[in-house]
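**Student:** This structure is in structure tokens; I'll ask about it shortly.
Numbering (the numbering used here), first residue to last: 4 to 528.
The structure is reproduced here in structure tokens:
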């Protein structure tokens with residue numbers, strides 16, 4: 004593709020504010036440990052600046068910021084600070100490298116929000132920048148609601164910050180109200196003053212477009228959050244900025260291959276699910292169901308993808324449903340080392356389409372069951388759930404399971420954060436053959452038993468009414484093999500455990516088939 008240069012820069016720096024602006028998303032509250040986990044992943048991906056939080060919030064927040072600051076990250080660690088001296092002092096107490104000093108820019112914020120005047124805000128900004136710099140802090144001055152501010156005043160305000168010693172200034176579209184044309188007009192003026200950052204929100208869907216307009220106008224740093232988490236419609240998504248700049252403009256930001264892992268980490272910490280149609284990290288970003296698309300993708304990976312999934316740490320998925328074709332079904336069977344002749348393939352495709360017509364997601368387990376039936380093979384169970392009991396009463400949810408593993412029955416118990424988690428630990432303990440995991444964390448279950456990873460778990464559908472049936476979908480992996488399974492039950496714990504056990508059974512069956520096909524092969528457990 005012919006590319007129009009966006010910027011003269013070879014690299015654009017990213018400032019991640021997931022731990023501050025992202026945490027302002029309703030329902031999101033990160034513990035100190037979760038903040039550290041996310042900060043480590045951000046640093047591993049090469050994010051240049053990490054805003055660890057807002058030190059003025061509480062002592063608990065300050066402790067979380069201290070822990071991030073003490074990690075020894077390569078990234079510059081900062082704290083949000085309002086235009087008051089106490090906020091800078093709180094940031095200093097946390098041991099951060101710098102502050103993101105936010106001062107009111109629009110008259111709405113200057114007069115109505117803080118009850119001040121333009122001259123007073125400029126004077127206070129100069130004093131605080133000088134104070135922060137005197138104490139060895141890196142300083143960025145952000146004009147809050149800058150996209151709706153009088154441009155002459157915004158230029159005066161942020162220019163005074165640079166004159167006082169600030170390292171950079173930031174254009175803030177605080178409420179996501181600006182369009183790319185307004186962004187370009189404002190940033191072109193600010194960039195003439197000194198190093199300029201962009202802080203955009205997505206209320207009008209212009210978050211990424213405004214980033215591009217701002218970079219083209221002379222900015223060199225972008226604020227963003229992983230997954231675009233944040234208040235209202237959220238911030239611009241850091242992972243989308245990184246991929247778009249790399250693929251469309253050959254501009255470096257971070258280590259792209261770490262992006263999916265980073266998104267998963269933030270999703271788990273915040274409880275914000277990955278939307279299936281989300282760029283970079285969505286389940287469907289590299290998934291193909293249509294027979295025409297699948298056939299084309301198998302012939303040439305670039306046929307229906309703008310970049311290889313490996314670029315961001317992903318793998319391509321062939322999804323089966325009513326649009327499936329022969330090429331896709333054959334490839335999906337081959338992934339599980341299942342070979343069929345033309346007549347069998349024709350029948351398998353017909354049955355897969357029939358399942359899809361019913362609105363059902365066709366999992367790996369469904370496909371393999373269909374293939375077994377078409378080939379007239381009776382399924383030999385390697386692991387089977389015989390009995391399950393679970394309790395969430397009291398302070399410690401527990402579960403116990405009885406599994407049939409080969410010709411042997413095993414009973415084990417486990418504890419966890421909830422009954423589903425406890426059920427998983429009980430399964431791990433039973434497969435380890437130790438009768439129970441006293442710690443409830445599953446550690447040690449893999450060394451003596453059957454190692455496996457629960458890659459994803461989600462509730463797919465729930466019927467209405469007091470007799471609701473829940474469908475749980477799980478993705479499991481063992482070594483380089485993976486499998487997707489769904490299970491339905493009125494009890495979410497039972498559906499979850501049945502799904503996990505069925506998935507493990509499929510993985511072990513595949514290994515057994517592979518061992519039979521290779522004389523002398525020995526199972527790894």
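Note that the Cβ used here is the ideal one computed from N, Cα and C, for glycine as well.
With distances taken between CB atoms, is the gap from residue 147 to residue 108 smaller than 9 Å?
**Tutor:** Your numbering for residue 147 matches position 144 in the chain shown. Your numbering for residue 108 matches position 105 in the chain shown. Contact: yes.
**Student:** Do you know offhand how far residue 280's Cα is from residue 169's?
**Tutor:** The sequence position of residue 280 within the chain shown is 277, counting from 1. The sequence position of residue 169 within the chain shown is 166, counting from 1. If you take the alpha carbons of residue 280 and residue 169, they lie about 40 Å apart.
**Student:** Let's see if you can read the secondary structure: which residues bound the alpha helix (DSSP H) around residue 271?
**Tutor:** Here residue 271 refers to the residue found at position 268 when the chain shown is read from its first residue. Looking at the DSSP string, the run of the alpha helix (DSSP H) that includes residue 271 is 262-273.
**Student:** CA-CA distance, residue 189 and residue 19?
**Tutor:** Counting from one through the chain shown, the residue named residue 189 turns up at place 186. Counting from one through the chain shown, the residue named residue 19 turns up at place 16. Cα to Cα, residue 189 sits roughly 22 Å from residue 19.
**Student:** Using only alpha-carbon positions, find the residue among 270, 79, 195 and 359 that is nearest to residue 165.
**Tutor:** Translated into the one-based positions of the chain shown, residue 165 becomes position 162. That would be 195, whose Cα lies nearest to the Cα of residue 165.
**Student:** Determine, using beta carbons only, whether residue 430 comes closer than 9 Å to chain D.
**Tutor:** Going by chain labels, chain D is absent from the structure shown, which holds only one protein chain.
**Student:** Could you tell me the distance, in whole angstroms, from the CA atom of residue 55 to the CA atom of residue 76?
**Tutor:** Stepping through the chain shown from its first residue, residue 55 is reached at position 52. Stepping through the chain shown from its first residue, residue 76 is reached at position 73. The straight-line gap from Cα to Cα measures roughly 12 Å.
**Student:** Exposed or buried, which one is residue 508 when buried takes at least 16 other CB atoms within 10 Å?
**Tutor:** As a first step, residue 508 is located in the chain shown; it is residue number 505 there, counting from the start. It is buried - the Cβ of residue 508 has at least 16 other Cβ atoms within 10 Å.
**Student:** In whole angstroms, what is the alpha-carbon distance linking residue 21 and residue 41?
**Tutor:** Here residue 21 corresponds to residue number 18 of the chain shown, with the count starting at 1. Here residue 41 corresponds to residue number 38 of the chain shown, with the count starting at 1. Distance between the alpha carbons of residue 21 and residue 41: 9 Å.
**Student:** Quick one: Cα of residue 265 to Cα of residue 344, how far?
**Tutor:** To locate residue 265, count along the chain shown from 1; it is residue 262. To locate residue 344, count along the chain shown from 1; it is residue 341. Going by C-alpha positions, residue 265 is about 42 Å away from residue 344.
**Student:** So, using beta-carbon positions, are residue 93 and residue 67 closer together than 9 Å?
**Tutor:** Against the chain shown, residue 93 aligns to sequence position 90. Against the chain shown, residue 67 aligns to sequence position 64. Contact: no.
**Student:** Do residue 262 and residue 25 have their beta-carbon atoms positioned less than 9 Å apart in this structure?
**Tutor:** Within the chain shown, residue 25 is the residue found at index 22, counting from 1. Within the chain shown, residue 262 is the residue found at index 259, counting from 1. Contact flag unset, no.
**Student:** Spatial neighbours of residue 513 within its chain, please: CB distance less than 7 Å, with the 5 preceding and 5 following residues excluded, ordered by chain position.
**Tutor:** As a first step, residue 513 is located in the chain shown; it is residue number 510 there, counting from the start. Correct list, in chain order: 339, 340 and 484.
**Student:** Opposite residue 255 in the DSSP bridges: which residues?
**Tutor:** Taking the first residue of the chain shown as 1, we reach residue 255 at position 252. In DSSP, residue 255 forms a bridge with 14.
**Student:** Grouping DSSP H, G and I as helix and E and B as strand, with all else coil, what is residue 384?
**Tutor:** Against the chain shown, residue 384 aligns to sequence position 381. Note: residue 384 maps to coil in three-state DSSP.
**Student:** To test your reading of the DSSP string, which unbroken beta strand (DSSP E) runs of 3 or more residues are found completely within the segment 73-114?
**Tutor:** 79-85 and 101-107
**Student:** Tell me, please, which residues DSSP counts as bridged to residue 403.
**Tutor:** For this step, residue 403 is matched to residue 400 along the chain shown. Paired residue(s): 392 and 416.
**Student:** Work out the CA separation of residue 390 and residue 415 for me, nearest whole Å.
**Tutor:** Residue numbering aside, residue 415 sits at position 412 when the chain shown is read from its first letter. Residue numbering aside, residue 390 sits at position 387 when the chain shown is read from its first letter. Between residue 415 and residue 390, the C-alpha separation is close to 11 Å.
**Student:** Could you tell me whether the segment 220-236 touches the segment 203-211, using the rule of 3 or more Cβ pairs below 8 Å?
**Tutor:** yes
**Student:** Between the Cα of residue 179 and the Cα atoms of 283, 151, 197 and 156, which residue gives the shortest distance?
**Tutor:** As a working mapping, residue 179 is identified with position 176 in the chain shown. Here the closest residue by C-alpha is 151.
**Student:** Which value, in whole angstroms, describes the spacing of the CA atoms of residue 326 and residue 356?
**Tutor:** For the purposes of this step, residue 326 is identified with residue 323 of the chain shown, where counting begins at 1. For the purposes of this step, residue 356 is identified with residue 353 of the chain shown, where counting begins at 1. Inter-residue distance for residue 326 and residue 356 is about 7 Å (C-alpha atoms, whole angstroms).
**Student:** If I measure Cβ to Cβ from residue 349 and keep anything under 8 Å in the same chain, skipping five residues before and after, which residues do I get?
**Tutor:** In the chain shown, residue 349 corresponds to position 346, counting from 1. Cβ within range, chain order: 329.
**Student:** Considering only DSSP beta bridges, list what residue 488 is partnered with.
**Tutor:** Numbered from 1 along the chain shown, position 485 holds the residue referred to as residue 488. DSSP output for residue 488 lists 477 as bridge partner(s).
**Student:** Excluding five sequence neighbours on each side, which residues of the same chain lie with their C-beta closer than 6 Å to the C-beta of residue 367?
**Tutor:** The sequence position of residue 367 within the chain shown is 364, counting from 1. So the list reads 486 and 487, once near-sequence residues are dropped.
**Student:** Using only alpha-carbon positions, find the residue among 269, 86 and 505 that is nearest to residue 242.
**Tutor:** Against the chain shown, residue 242 aligns to sequence position 239. Among 269, 86 and 505, the Cα nearest to that of residue 242 is on 269.
**Student:** Residue 426 to residue 433, Cα distance in whole Å?
**Tutor:** Taking the first residue of the chain shown as 1, we reach residue 426 at position 423. Taking the first residue of the chain shown as 1, we reach residue 433 at position 430. If I take the Cα positions, the gap works out to 11 Å.
**Student:** Give me, in chain order, the residues of the same chain whose beta-carbon lies closer than 8 Å to that of residue 347; leave out the 5 immediate sequence neighbours on both sides.
**Tutor:** Along the chain shown, one-based indexing puts residue 347 at 344. Excluding positions up to five away in sequence, the list reads 374, 377 and 378.
**Student:** Quick one: Cα of residue 200 to Cα of residue 174, how far?
**Tutor:** Translated into positions along the chain shown, residue 200 becomes position 197. Translated into positions along the chain shown, residue 174 becomes position 171. Cα to Cα, residue 200 sits roughly 6 Å from residue 174.
**Student:** Run the CB neighbour count on residue 253, radius 10 Å, all protein chains shown included, and call it buried at 16 or more, exposed below.
**Tutor:** Residue numbering aside, residue 253 sits at position 250 when the chain shown is read from its first letter. Under this definition residue 253 is an exposed residue.
**Student:** Beta-carbon within less than 6 Å of residue 504's beta-carbon, same chain only, minus the 5 sequence neighbours each way: which residues are those?
**Tutor:** Within the chain shown, the letter at position 501 stands for residue 504. Once the five neighbours on either side are set aside, the close Cβ partners of residue 504 are 386 and 388.
**Student:** Using only the alpha-carbon positions, how far apart do residue 60 and residue 133 sit?
**Tutor:** As a position in the chain shown, residue 60 is number 57, starting the count at 1. As a position in the chain shown, residue 133 is number 130, starting the count at 1. Answer to the nearest angstrom: the Cα atoms are 23 Å apart.
**Student:** Can you tell me the Cα-Cα spacing of residue 258 and residue 380, whole angstroms?
**Tutor:** As a position in the chain shown, residue 258 is number 255, starting the count at 1. As a position in the chain shown, residue 380 is number 377, starting the count at 1. Cα to Cα, residue 258 sits roughly 47 Å from residue 380.
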